[in-house]
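So the numbering used here is basically just the index in the sequence shown, starting at one, shifted up by 16.
The beta carbon of each residue, even a glycine, is placed where N, CA and C say it ideally should be.
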Amino acid sequence: MCCDAGDLAPPLRTKLSDGECYFMLGNFNHHHQHAVIAGTSARYASTHRVALTQDATFDGIMERCAEVLCGKRFTRSASPESLEAARARAVGELAARLEFDWIRQFYCQGAVHAAQHSTWWAPRIDQLTEKWTELDTELRTMAEVASQQQVPLKALRMLIYLFESRLKGREEWEARLRDPTYKRIPAAYRPIRRPDCSTEGAFTAGMDGLLAALQARLAVRTNSKAAKVAKDTNVTKAAKATKATDITNSAKAAKGAKVAHATTAAKASRVGKAMKARANRS
Numbered sequence: 017m018c019c020d021a022g023d024l025a026p027p028l029r030t031k032l033s034d035g036e037c038y039f040m041l042g043n044f045n046h047h048h049q050h051a052v053i054a055g056t057s058a059r060y061a062s063t064h065r066v067a068l069t070q071d072a073t074f075d076g077i078m079e080r081c082a083e084v085l086c087g088k089r090f091t092r093s094a095s096p097e098s099l100e101a102a103r104a105r106a107v108g109e110l111a112a113r114l115e116f117d118w119i120r121q122f123y124c125q126g127a128v129h130a131a132q133h134s135t136w137w138a139p140r141i142d143q144l145t146e147k148w149t150e151l152d153t154e155l156r157t158m159a160e161v162a163s164q165q166q167v168p169l170k171a172l173r174m175l176i177y178l179f180e181s182r183l184k185g186r187e188e189w190e191a192r193l194r195d196p197t198y199k200r201i202p203a204a205y206r207p208i209r210r211p212d213c214s215t216e217g218a219f220t221a222g223m224d225g226l227l228a229a230l231q232a233r234l235a236v237r238t239n240s241k242a243a244k245v246a247k248d249t250n251v252t253k254a255a256k257a258t259k260a261t262d263i264t265n266s267a268k269a270a271k272g273a274k275v276a277h278a279t280t281a282a283k284a285s286r287v288g289k290a291m292k293a294r295a296n297r298s
């Protein structure tokens, strides 16, 4: 079906057998509604768009994983000061993309769907899960080091942002999986909770605790910095006050000396005049 902008297409209804699909050409989808009616079930629409980007294909996302994982990894033996915010962001954001856009999307369609795609997609999802585990293991290492030792403040803030974003995404997924609609369909078609974030090997096993530790660390460092700034400010103010006091005292002393000198000069002048007058009388 194809339709140019401004043209009118008559309503169309066609019968499709189970397993068949249809495709709308050109800009038909931009100007027309379409629906699938199956038996007595409710009407629903299904729109599929293709937008190829680097991370939208399996080869593209695997290439991105290779780029990040081939970079300089952060390990426990590394100096805490070497933890870079850019590295944390690259690792954390890619791990989140794998989890929410690939792994969870595949398994949320149920066991039957996974079995139907066991030849091609399932093994590739397993590969992405392995990459996700590698990324989250490094991210967990970063978080544990940052919660106990002095890392760059920018990196610490980045880790907190990544943890908060991931937790929010998981809360949204859990809310979706608790939808009562799933209880009305066969168990084989209900979502599978993968990746399993409850195991000790997963980055999320203690995610809440790590996030709290990172936030506490940031609070201590922020308060210490604020205290240092306040101390430096007070020292500066005290120095200025001392300097002002010294200037005032010097001015007063100079003024007092000037007055004393004037008094002495006046007294000497009076004595001189008296002696001169006495000499004249003699």
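Rounded to whole angstroms, the Cβ separation of Ala111 and Trp137 is 20 Å, and the two are not in contact under 8 Å.
With respect to the C-alpha of Glu190, the residue from Asp117, Arg200, Gly126 and Arg209 having the closest C-alpha is Arg209.
DSSP places Arg92 outside any alpha helix (DSSP H), giving it a letter other than H or E. Around the beta carbon of Ser93, fewer than 16 other beta carbons sit within 10 angstroms, so the residue counts as exposed. Distance from Ala204 to Val128 at the Cβ level is roughly 5 Å; contact confirmed, criterion being Cβ atoms closer than 8 Å. Cβ contact annotation for Leu234 (same chain, cutoff 6 Å, sequence separation greater than five): Leu172, in chain order.
Contact between the segment 161–170 and the segment 76–88 is absent: fewer than 3 CB-CB pairs across the two stretches fall below 8 Å.
Excluding sequence positions up to five before and after Ala106, its CB lies within less than 8 Å of the CB of Val84 and Gly87, all in the same chain and listed in chain order.
Note that the C-beta distance between Glu160 and Leu226 is below 8 Å. For the options Ala104, Arg194, Arg186 and Thr197, the alpha carbon positioned closest to that of Asp117 is the one of Arg186. Looking at the backbone, the Cα of Ala162 and that of Pro96 are separated by about 7 Å. Between the alpha carbons of Ala131 and Thr91 lies a distance of about 38 Å.
Taking C-beta atoms under 8 Å as the contact rule, Met158 and Leu183 fail to qualify, at a distance of about 16 Å.
In the DSSP annotation of this structure, the continuous segment of the alpha helix (DSSP H) that includes Tyr123 starts and ends at Arg120 to Tyr123. For the pair Ile176 and Leu144, the CB atoms are not nearer than the 8 Å cut-off. Taking all protein chains in view, the Cβ of Leu32 is surrounded by fewer than 16 other Cβ atoms within 10 Å, so the residue is classified as exposed. Nearest Cα to Cys124 within the set Ala102, Asp195 and Thr135: Asp195. In the assembly as shown, Gly76 is an exposed residue. Its beta-carbon has fewer than 16 other beta-carbons within 10 Å. About 12 Å separates the beta carbons of Leu178 and Ala102, which is beyond the 8 Å limit, so they are not a contact pair. Annotated as proximal: Asp71 and Arg113, with beta-carbon spacing under 8 Å.
Less than 8 Å divides the Cβ of Pro211 from the Cβ of Glu115.
Annotation for Leu230: Ala159, Ala162, Ser163, Leu172, Leu175, Ile176 and Phe179 place their beta carbon closer than 8 Å to its own, counting only its chain and skipping 5 residues before and after. In this structure, the alpha-carbon of Tyr198 lies about 21 Å from that of His133. Taking Gln121 as reference, the option from Ser98, Arg206, Ile201 and Thr135 with the minimal CA-CA separation is Arg206.
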